[in-house]
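K.L.:
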Amino acid sequence: MNTPQRPANAFRTAPQQPRPKAGHSSAQRLQKGGRWQKARLYIRERPLLERIYWFCIKAFLWLFFGSFGYVIVLKYVPVWVTPLVVARWVDTFGTDESSHVYKKWKSYDEINREAALAVVASEDQDFPTHWGFDFDEIQDAIKENQTRKRPRGASTISQQVAKNVFLWNGRSYIRKGLEVYFTALIELIWGKKRILEVYLNVAETGPMTFGVEAASERFYGHSAATLSRSEAARIAAVLPNPRQFSIKNPSNYVVRRTRQISRQMRYLGGQKYIRNL
Numbered sequence: 001m002n003t004p005q006r007p008a009n010a011f012r013t014a015p016q017q018p019r020p021k022a023g024h025s026s027a028q029r030l031q032k033g034g035r036w037q038k039a040r041l042y043i044r045e046r047p048l049l050e051r052i053y054w055f056c057i058k059a060f061l062w063l064f065f066g067s068f069g070y071v072i073v074l075k076y077v078p079v080w081v082t083p084l085v086v087a088r089w090v091d092t093f094g095t096d097e098s099s100h101v102y103k104k105w106k107s108y109d110e111i112n113r114e115a116a117l118a119v120v121a122s123e124d125q126d127f128p129t130h131w132g133f134d135f136d137e138i139q140d141a142i143k144e145n146q147t148r149k150r151p152r153g154a155s156t157i158s159q160q161v162a163k164n165v166f167l168w169n170g171r172s173y174i175r176k177g178l179e180v181y182f183t184a185l186i187e188l189i190w191g192k193k194r195i196l197e198v199y200l201n202v203a204e205t206g207p208m209t210f211g212v213e214a215a216s217e218r219f220y221g222h223s224a225a226t227l228s229r230s231e232a233a234r235i236a237a238v239l240p241n242p243r244q245f246s247i248k249n250p251s252n253y254v255v256r257r258t259r260q261i262s263r264q265m266r267y268l269g270g271q272k273y274i275r276n277l
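For the sequence shown, full-length UniProt numbering gives the first residue as 1, with consecutive numbering after it.
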């Protein structure tokens, strides 16, 4: 009985499988790479455009690392001057207003905790727990502002510090983007206690008056180390508009707002609420 002979080399006779075609994503990557190469070649063929390109790259790197280093320095050095202080000082030129700036830096430990608790209770009650942004408050503000004549803000204390210390006055997408950047940076590098310390020293508390120490000495006649709860609450009550509201001569609104803040300070549990910042 003859058995059928097997081919000498089965691999040679096996049908070849067709090669898989390049996927759509691979083709897209090649196309994008080609576009990038064309763009680089286009820039290289134009010396002026190439100089502008590298200038922009270097400027971006200098600004990025410079801002990073500046934030690190301000973690340890008092913030003596801010863009807001300069803007208010410039605004006095050609007017009858005094150009004298009331500002005195005090460390966190030299300021009564009632002042720290008052601004947290008034401005940002989730300050001890959030990472710089209160997204629930932002969503609520967006919904309310669709029907409100005067838009309600949702900035946290961290965002307000970022705006006051690093940015100029005004509203734009560029400024908002920088605000997000600096807010994240100080949350990462400074920490809560330092952010609150800076806020208590740079927040505008009256005409040409910045910080709770300057406000306490100017309007109460004593240091912020001895602030009472009601005095601290009144300072916090004028923070939304310290040029219109007065600590020394409070309006009915400021008096009512002071009482509300004092109640909130009590409901939060007093100074222990900010003990572990």
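For every residue, glycine included, the Cβ atom is placed at its ideal position computed from N, Cα and C.
The structure displayed is predicted, hence computed values, not measured ones.
With the cut-off set at 7 Å, would you say Ala-162 and Thr-183 are in Cβ contact?
P.N.:
Taking the sequence shown and counting its residues from 1, the one referred to as residue 162 is at position 162. Taking the sequence shown and counting its residues from 1, the one referred to as residue 183 is at position 183. Yes, the pair counts as a contact, with Cβ atoms nearer than the cut-off.
K.L.:
Mapping DSSP to helix, strand and coil, what is Gly-270?
P.N.:
Taking the sequence shown and counting its residues from 1, one reaches residue 270 at position 270. Residue state, collapsed to three classes: helix.
K.L.:
For Lys-103, which of helix, strand or coil comes out of DSSP?
P.N.:
By 1-based counting over the sequence shown, the position of residue 103 is 103. In this structure, Lys-103 counts as strand in the three-state DSSP scheme.
K.L.:
Does the Cβ of Tyr-76 have 16 or more other Cβ atoms within 10 Å, making it buried, or fewer, making it exposed?
P.N.:
As a first step, residue 76 must be located in the sequence shown, where it is residue number 76. Exposed: under 16 other Cβ atoms inside 10 Å.
K.L.:
Please determine if the segment 171-181 and the segment 78-95 are in contact, where contact requires at least 3 C-beta pairs separated by less than 8 Å.
P.N.:
These segments do not touch.
K.L.:
Which residues in the same chain have their Cβ closer than 7 Å to the Cβ of Ala-118, if we skip the five residues on either side of it in sequence?
P.N.:
On the sequence shown, position 118 is the one that residue 118 refers to. Within the same chain, Ala-118 has close Cβ partners Ala-232, Ala-233, Ile-235, Ala-236, Ile-261, Met-265.
K.L.:
Do Leu-111 and Ala-214 have their C-beta atoms within less than 7 Å of each other?
P.N.:
Here the question's residue 111 lines up with position 111 in the sequence shown. Here the question's residue 214 lines up with position 214 in the sequence shown. The sequence given here places Ile at residue 111; Leu does not occur at that position. Cβ distance not < 7 Å, so Ile-111 and Ala-214 don't count as in contact.
K.L.:
State the Cα-Cα distance for the pair Ile-138 and Tyr-181, rounded to the nearest angstrom.
P.N.:
The residue given as residue 138 occupies position 138 in the sequence shown. The residue given as residue 181 occupies position 181 in the sequence shown. Rounded to the nearest angstrom, the two C-alpha atoms are 17 Å apart.
K.L.:
Going straight from the alpha carbon of Asn-276 to that of Arg-88, what length do you get?
P.N.:
As a working mapping, residue 276 is identified with position 276 in the sequence shown. As a working mapping, residue 88 is identified with position 88 in the sequence shown. The straight-line gap from Cα to Cα measures roughly 35 Å.
K.L.:
Among the residues of its own chain, which have a CB less than 6 Å from the CB of Arg-257, if the five just before and after it don't count?
P.N.:
Indexing the sequence shown from 1 puts residue 257 at position 257. For Arg-257, where only same-chain residues beyond five positions count, the Cβ hits under 6 Å are Ala-237.
K.L.:
So with Cβ pairs under 7 Å, would you call Leu-268 a contact of chain B?
P.N.:
The chain inventory of the structure shown lacks chain B, comprising one protein chain alone.
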